[in-house]
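Take a look at the structure set out below.
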Amino acid sequence: NAGVTQTPKFQVLKTGQSMTLQCAQDMNHEYMSWYRQDPGMGLRLIHYSVGAGITDQGEVPNGYNVSRSTTEDFPLRLLSAAPSQTSVYFCASSRTSGGQSYEQYFGPGTRLTVT
Amino acid sequence: AQSVTQLDSHVSVSEGTPVLLRCNYSSSYSPSLFWYVQHPNKGLQLLLKYTSAATLVKGINGFEAEFKKSETSFHLTKPSAHMSDAAEYFCVVSRPISLQGAQKLVFGQGTRLTINP
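Which chain is which? The protein sequence lines are C and B, in order.
So that you can map any letter, position 113 of the first sequence is 113 in the numbering used here, and since no number is skipped, the others follow by simple counting.
So that you can map any letter, position 115 of the second sequence is 230 in the numbering used here, and since no number is skipped, the others follow by simple counting.
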């Protein structure tokens with residue numbers, strides 16, 4: 001049971017380049033989400049999904065796309081990278097049931113630098 | 116709207132002394148509250164959670180937190196700090212964001228805990 005995995009661990013992009021951050025979980029969780037972490041700001045929600053084919057925007061969705069074709073995978077796409085997207089990105093997953101707050105399990109993060 | 120405020124951005128204590136990390140929350144209804152810990156260059160790990168059962172919640176590694184509705188606080192404590200406790204700590208409130216029962220986590224700004232030998 002690997003939990004939540006993210007690849008790559010580190011990435012450097014030039015402004016305007018696109019890329020996909022990968023996230024996978026093996027716990028059969030319905031809920032998956034992407035956060036970005038910036039100094040002094042905690043984590044902020046980018047996009048989330050409550051199941052295959054169902055996604056929605058979080059607080060800071062601009063410049064990012066997501067899709068969810070399987071329960072296990074939830075990739076995050078940067079369409080045209082900008083220096084403001086330099087951050088550490090975390091993927092998380094959890095069960096969902098009747099509005100209860102279940103523990104969210106976090107991946108190890110991807111550190112992205114845009115030059 | 117739900118929000119959390121962590122009252123200290125940095126706390127420094129000596130090894131073996133008590134730890135207190137302060138968190139106030141704002142919520143329009145009975146909240147679910149969490150403390151997460153992040154060790155350097157690592158992901159986040161759940162320390163403990165409050166979901167309207169006992170107001171004193173015990174977590175991992177000797178940490179506990181007390182939910183005080185009258186003070187809208189959820190402070191994290193530990194009787195005796197250990198060097199391995201040095202990390203960033205986040206107070207988090209959750210709120211429902213969809214009919215399917217998904218919960219959004221709203222993070223505080225974080226408190227960096229330093230342990231002095």
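Positions of the beta carbon are idealized from the N, C-alpha and C atoms, including for glycine.
Fair warning: this is a prediction, and the values are worked out from it, not measured in the lab.
At least three beta-carbon pairs within less than 8 Å, the region 2-16 of chain C to the region 191-201 of chain B: no
Does DSSP classify S185/B as helix, strand or coil? Numbered from its first residue, the second sequence carries residue 185/B at position 70. Note: S185/B maps to coil in three-state DSSP.
Buried or exposed: which applies to P39/C, given that a residue is buried once 16 or more other Cβ atoms fall within 10 Å of its Cβ? As a working mapping, residue 39/C is identified with position 39 in the first sequence. Result: exposed.
Could you give the DSSP three-state label for G58/C: helix, strand or coil? For this step, residue 58/C is matched to residue 58 along the first sequence. In the structure shown, G58/C sits in coil (DSSP, three-state: anything other than H, G, I, E or B).
Against chain B, with Cβ distances strictly below 8 Å, would T96/C count as a contact? Position 96 of the first sequence, counting from 1, holds the residue named residue 96/C. So yes, T96/C belongs to the interface.
To the nearest angstrom, how far is the alpha carbon of V296/B from that of L159/B? This structure does not reach residue 296/B, given that chain B is present from 116 up to 232, and the question cannot be answered.
Considering only the alpha carbon of each residue, which of N28/C, R68/C, S87/C and T71/C lies closest to V60/C? Taking the first sequence and counting its residues from 1, one reaches residue 60/C at position 60. Nearest of N28/C, R68/C, S87/C and T71/C to V60/C, Cα basis: S87/C.
Please report the residue range of the beta strand (DSSP E) in which G51/C lies. Position 51 of the first sequence, counted from the start, is the residue given in the question as residue 51/C. Here the beta strand (DSSP E) through G51/C covers L43 to G51.
Spatially closest choice to Y140/B from L228/B, T132/B, L122/B and S129/B, by CA coordinates: Locating residue 140/B in the second sequence gives position 25, counting from the first residue. It is L122/B whose Cα lies nearest to the Cα of Y140/B.
Along chain B, in chain order, which residues have C-beta atoms closer than 7 Å to that of M27/C? Here residue 27/C refers to the residue found at position 27 of the first sequence. The premise fails here: M27/C is roughly 14 Å from chain B at the closest Cβ pair, so nothing lies under 7 Å.
May I ask which residues mark the beginning and end of the beta strand (DSSP E) holding E130/B? As a first step, residue 130/B is located in the second sequence; it is residue number 15 there, counting from the start. No beta strand (DSSP E) holds E130/B; DSSP gives it neither H nor E.
With a threshold of 8 Å between beta-carbons, can V60/C be considered close to chain B, or not? Numbered from 1 along the first sequence, position 60 holds the residue referred to as residue 60/C. Not an interface residue.
Taking only beta-carbon atoms, is L228/B less than 8 Å away from chain C? Numbered from its first residue, the second sequence carries residue 228/B at position 113. It does not; no Cβ of chain C falls within 8 Å.
With a cut-off of 8 Å on the beta carbons, I'd call S69/C and M32/C a contact; round off their distance for me. Locating residue 69/C in the first sequence gives position 69, where the first residue counts as 1. Locating residue 32/C in the first sequence gives position 32, where the first residue counts as 1. About 12 Å separates the two Cβ atoms, so there is no contact after all.
Which chain C residues sit within Cβ distance under 9 Å of G174/B? For this step, residue 174/B is matched to residue 59 along the second sequence. None at all; the shortest Cβ gap to chain C is about 11 Å.
Could you check whether C138/B and L171/B sit closer than 8 Å to each other, using their CB atoms as the reference points? In the second sequence, residue 171/B corresponds to position 56, counting from 1. In the second sequence, residue 138/B corresponds to position 23, counting from 1. Cβ distance not < 8 Å, so L171/B and C138/B don't count as in contact.
Below 7 Å on C-beta distance, what does A217/B contact in chain C? On the second sequence, position 102 is the one that residue 217/B refers to. Those are Y31, Y48, V50 and T96, listed as they occur along chain C.
Quick one: which residues of the region 70-88 of chain C get their C-beta closer than 7 Å to a C-beta of chain B? List them in chain order. none
Which residue marks the beginning of the beta strand (DSSP E) containing T7/C, and which one marks its end? Numbered from 1 along the first sequence, position 7 holds the residue referred to as residue 7/C. Element bounds for T7/C: V4 to T7.
Taking Cβ-Cβ distances shorter than 8 Å, what residues in chain C pair up with L191/B? Along the second sequence, read from residue 1 onward, the residue named residue 191/B stands at position 76. Per Cβ cutoff of 8 Å: no residues; L191/B is ~15 Å from chain C at best.
Please list, in chain order, the chain C residues whose beta carbon lies closer than 7 Å to that of L161/B. Residue 161/B sits at position 46 when you count from the first residue of the second sequence. Per Cβ cutoff of 7 Å: E103.
Show which residues of chain C have a CB atom less than 8 Å away from the CB atom of F205/B. Mapped onto the second sequence, residue 205/B falls at position 90. Here the neighbours are G42 and L43.
What residue range does the beta strand (DSSP E) around Q117/B cover? Along the second sequence, read from residue 1 onward, the residue named residue 117/B stands at position 2. Where Q117/B is concerned, there is no enclosing beta strand (DSSP E), given that its DSSP letter is neither H nor E.
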